[in-house]
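Letter by letter, the sequence shown follows residues 418 to 591 of the working numbering.
Note that beta-carbon positions come from the ideal geometry of N, C-alpha and C, so glycine has one too.
Worksheet for the structure shown next.
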Amino acid sequence: MARPRKFDEQTVLSGAMLVFWQKGYAATSTEDLEQATLIRRGSLYNAYTDKRTLFFKALEHYGHKEITEVVSIMTSAKSLVTGYQQVLDKAIAHASTDDSTSRGCLLCDAASELGGKDKLVAEKVNELFTPMADVFLKHFSSAKKQHSDDELTAKADAIMGFWGFPPLKRHNSL
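Right, dumping it as structure tokens:
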């Protein structure tokens with residue numbers, strides 16, 4: 418019979434998420450994960466099998482938190498303009514923070530690092546972004562009288578792209 422876990426999974430996933438976010442998947446070592454999660458290697462592997470599985474769990478942890486928040490903002494906003502203003506304010510505040518939380522979007526980072534060479538990462542990122550893309554498209558669709566489908570898709574893509582823009586700041590590109 419397996420022993421019960423002696424750690425809080427959300428805390429472990431938050432620690433793993435932060436180290437993957439800071440270093441990227443390839444540069445994150447098992448030692449980094451041990452240090453970030455305060456869990457020994459054996460326990461990490463017993464709980465998550467391998468680094469890749471933990472990475473996917475960390476992506477899901479991030480996606481469910483961040484994407485759910487954006488979807489909630491958009492669906493509860495009193496108007497389309499108010500919703501977009503709140504989402505953009507959140508993104509700008511996050512991007513302009515000078516502390517260690519100003520990392521851009523973990524999903525965008527994962528797609529940039531691995532999406533072109535790892536189909537499962539690309540699929541996971543797409544799956545996690547879908548609810549946010551859907552809510553943006555739904556709101557833009559209500560504006561169909563004023564814009565073509567191509568314009569609406571371009572606007573939704575621009576908002577989604579803005580979400581991943583902050584990593585450029587990290588590399589002194591801004």
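Ends of the alpha helix (DSSP H) at residue i?
i	result
T499	L497 to A512
D526	L523 to A527
Mapping DSSP to helix, strand and coil, what is residue i?
i	result
R458	helix
D551	helix
G432	helix
K440	helix
K572	helix
L591	A caution first: L591 carries a pLDDT of 36, below 50, which makes its placement in the model unreliable, though a value can still be read off. Residue state, collapsed to three classes: coil.
How many whole angstroms separate the CB atoms of residue i and residue j, which I take to be in contact at a CB cut-off of 8 Å?
i	j	result
L471	L450	7 Å
G441	D526	7 Å
F546	I484	7 Å
L461	L523	About 19 Å separates the two Cβ atoms, so there is no contact after all.
Roughly how many whole angstroms lie between the Cα atoms of residue i and residue j?
i	j	result
R457	S513	35 Å
R469	A443	10 Å
N463	A453	17 Å
Y501	L435	27 Å
Between the options, which lies nearest to residue i when the distance is taken from Cα to Cα?
i	options	result
T492	F557, L461 and L537	F557
A508	T447, S431, G521 and S460	G521
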